[in-house]
Structures are given as structure tokens and as C-alpha cells.
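**Student:** Before anything else, here's the structure in question.
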Amino acid sequence: MEIRVLFFGVLTEVTQTMFKHYRDVNSFGDLMHRIQDDFPELVHFDYRIAVNSEIINEDPELKNMDEVAFMPPFAGG
Amino acid sequence: MAKTTLIKGPVTHELISSRMRLLGENREIGGHSIFLGQVRADIKGIRKVKAIEYSAYEEMVNREAESIKQKILSEYNDVRSIDIFHSTGVVMAGEISLMVLVSAGHRQHAMAACDKTVEMIKEKLPVWKKEIFEDNSHEWKRENLA
Chain P
1 MEIRVLFFGV LTEVTQTMFK HYRDVNSFGD LMHRIQDDFP ELVHFDYRIA
51 VNSEIINEDP ELKNMDEVAF MPPFAGG
Chain V
1 MAKTTLIKGP VTHELISSRM RLLGENREIG GHSIFLGQVR ADIKGIRKVK
51 AIEYSAYEEM VNREAESIKQ KILSEYNDVR SIDIFHSTGV VMAGEISLMV
101 LVSAGHRQHA MAACDKTVEM IKEKLPVWKK EIFEDNSHEW KRENLA
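Each protein sequence line maps, in turn, to chains P and V.
Numbering follows my numbering, with no gaps: position 25 of the first sequence is 25.
Numbering follows my numbering, with no gaps: position 133 of the second sequence is 133.
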């Protein structure tokens with residue numbers, strides 16, 4: 001399946017991009033491994049993950065064309 | 001109730017007064033409570049903040065803002081209207097980056113609901129800020145205490 005991955009805040013400086021497409025993704029775990037391989041520095045940052053703009057607390061079942069967002073702590077206002 | 005949560009650039013005085021004018025047409029309202037967040041020229045070491053650049057996950061902001069409004073409306077039954085406007089992009093020090101305007105039949109509910117709405121915005125809206133200093137260096141603001 002194809003997954004669109006978004007990065008926000010300080011994470012955009014780590015990844016040098018705001019989004020990246022991953023193709024032939026088998027599972028959420030597979031996606032996470034590939035992202036960590038591409039951006040090993042991410043391990044040094046705090047973030048939460050949302051799938052289709054809902055924050056997840058456990059590994060989700062992904063569907064084709066899902067949107068996975070990496071979000072550092074919020075700082076609105 | 002206004003739908004648009006994110007606006008490009010600062011919250012202008014014109015936007016604030018146009019919302020106030022519109023709410024004047026609702027004769028059940030007895031009080032408004034308004035919170036305006038202003039960009040502060042913090043000094044960090046020898047650097048001074050000249051602006052903040054806001055970025056947001058727009059789809060999630062819209063969803064969360066709607067959820068905040070529904071929660072406030074269910075908790076404070078005297079509330080008639082809730083407006084939330086948050087800036088994206090660059091907002092200069094001294095300009096307004098957040099407006100929360102809560103209108104109710106009576107002042108107690110307007111003030112309590114406005115306070116709670118601001119707290120929920122800080123906690124739940126996926127918005128990030130990059131402080132831009134006068135020397136054009138920048139720093140992502142981490143904590144949400146402002």
C-alpha cells in the first residue's frame with residue numbers, strides 16, 4: 001500500500017521535508033522501520049503520531065493512502 | 001458560528017470588530033469574553049524575538065477546534081457562540097496570533113468558557129511556532145507555557 005507521511009514543526013528540519021510518500025508498505029511496523037532508516041536523527045526528538053489526523057496510542061492497521069503525521073509537542077497560541 | 005479556524009498572518013482589528021458587529025445581532029447574548037494572544041518580544045541571551053512563524057496540521061486543527069467547541073457548548077449551556085481564530089505564517093511582535101471570543105447569556109459562563117477554550121487550544125491544537133530573532137536566526141519553541 002501507499003502511505004503519505006507528514007512531518008511538522010522542528011521535525012521538518014530533521015527530515016528536510018514536510019511530506020514523503022512510501023510505496024509498497026506492508027504494515028505500520030514496516031513503515032516505521034523505513035522512516036527510521038531514512039531519518040535516524042528522529043530518535044532524538046519527542047513526537048506523537050496521528051493517522052488520518054487522529055492521534056494513535058498503539059500500532060494501527062494501515063490502509064492504502066492513509067496519512068501518517070509525526071507531530072512534536074504542540075505550541076499553539 | 002465562524003467556521004474558519006486558521007487564518008494567514010495576524011488576527012486583524014478588522015476581523016475582531018467584524019465578529020463583534022455580527023454577534024450584536026444576537027439579542028440573547030448578555031456578555032462576551034475575549035482572549036487575544038499577542039506575540040511577545042522575548043529576549044533570549046543577546047537575541048530578541050521579532051516575529052513568530054506558525055505552522056499547523058490544518059485538517060486536524062479543524063477537527064480538534066470543532067471538538068473543543070462541542071465540548072464547551074455541552075458543558076456551558078448558556079454559551080451562544082464560540083469563535084476561534086489562530087494565525088499561520090509570520091506574525092510580528094505586538095501583533096495578535098490567537099483570538100478566542102465566547103459569547104453567552106451571562107458573564108460568568110462567557111468568562112469561564114473562554115478560559116477553558118484557551119486551555120484546550122493550548123493542549124489540543126496541532127500548531128507549532130518558530131521564533132524568529134532580530135538577527136534572523138530562529139528557534140523552535142518547545143514548551144507550551146506562553
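For glycine and all other residues, C-beta sits at the position ideal for the given N, C-alpha and C.
Just so it is clear, the structure is predicted and the values come from calculations on it, not from any experiment.
So what does DSSP say about valine 61(V), is it helix, strand or coil?
**Tutor:** Here residue 61(V) corresponds to residue number 61 of the second sequence, with the count starting at 1. In the structure shown, valine 61(V) sits in a helix (DSSP, three-state: H, G or I).
**Student:** Could you check whether alanine 93(V) and threonine 5(V) sit closer than 8 Å to each other, using their CB atoms as the reference points?
**Tutor:** As a position in the second sequence, residue 5(V) is number 5, starting the count at 1. As a position in the second sequence, residue 93(V) is number 93, starting the count at 1. Going by C-beta atoms, threonine 5(V) is not nearer than 8 Å to alanine 93(V).
**Student:** How about glycine 88(P): is its C-beta nearer than 8 Å to some C-beta of chain V?
**Tutor:** The structure shown does not extend to residue 88(P), since chain P is modelled only from 1 to 77, so the question has no answer here.
**Student:** Using DSSP with H/G/I as helix, E/B as strand and the rest coil, what is glutamine 16(P)?
**Tutor:** Numbered from its first residue, the first sequence carries residue 16(P) at position 16. It is coil, neither helix nor strand.
**Student:** My output table needs one value for alanine 112(V): the three-state DSSP class, helix, strand or coil.
**Tutor:** Residue numbering aside, residue 112(V) sits at position 112 when the second sequence is read from its first letter. Three-state DSSP puts alanine 112(V) in a helix.
**Student:** To which residues does DSSP link leucine 6(V) through a beta bridge?
**Tutor:** Looking up residue 6(V) in the second sequence gives position 6. Looking at the DSSP assignment, leucine 6(V) forms a beta bridge with His86(V).
**Student:** Under three-state DSSP, which class holds serine 18(V)?
**Tutor:** Residue mapping note: residue 18(V) aligns to position 18 of the second sequence, counting from 1. Correct three-state label for serine 18(V): helix.
**Student:** Output needed in chain order: residues of the segment 116-136 of chain V with a Cβ under 9 Å from some Cβ in chain P.
**Tutor:** Listed in sequence order: Val118, Ile121, Lys122, Glu123, Lys124, Leu125, Pro126, Val127, Trp128, Lys129, Lys130.
**Student:** Hey, glycine 9(P) and lysine 122(V): beta-carbon distance below 8 Å or not?
**Tutor:** The sequence position of residue 9(P) within the first sequence is 9, counting from 1. The sequence position of residue 122(V) within the second sequence is 122, counting from 1. Not closer than 8 Å, so no.
**Student:** Per DSSP, which residues does histidine 138(V) bridge with? Please list them.
**Tutor:** The count along the second sequence starts at 1 and reaches residue 138(V) at position 138. Ile132(V), per the DSSP bridge assignment.
**Student:** Hey, quick one: how far does the beta strand (DSSP E) through phenylalanine 35(V) stretch, first residue to last?
**Tutor:** To locate residue 35(V), count along the second sequence from 1; it is residue 35. Start and end: 31-38.
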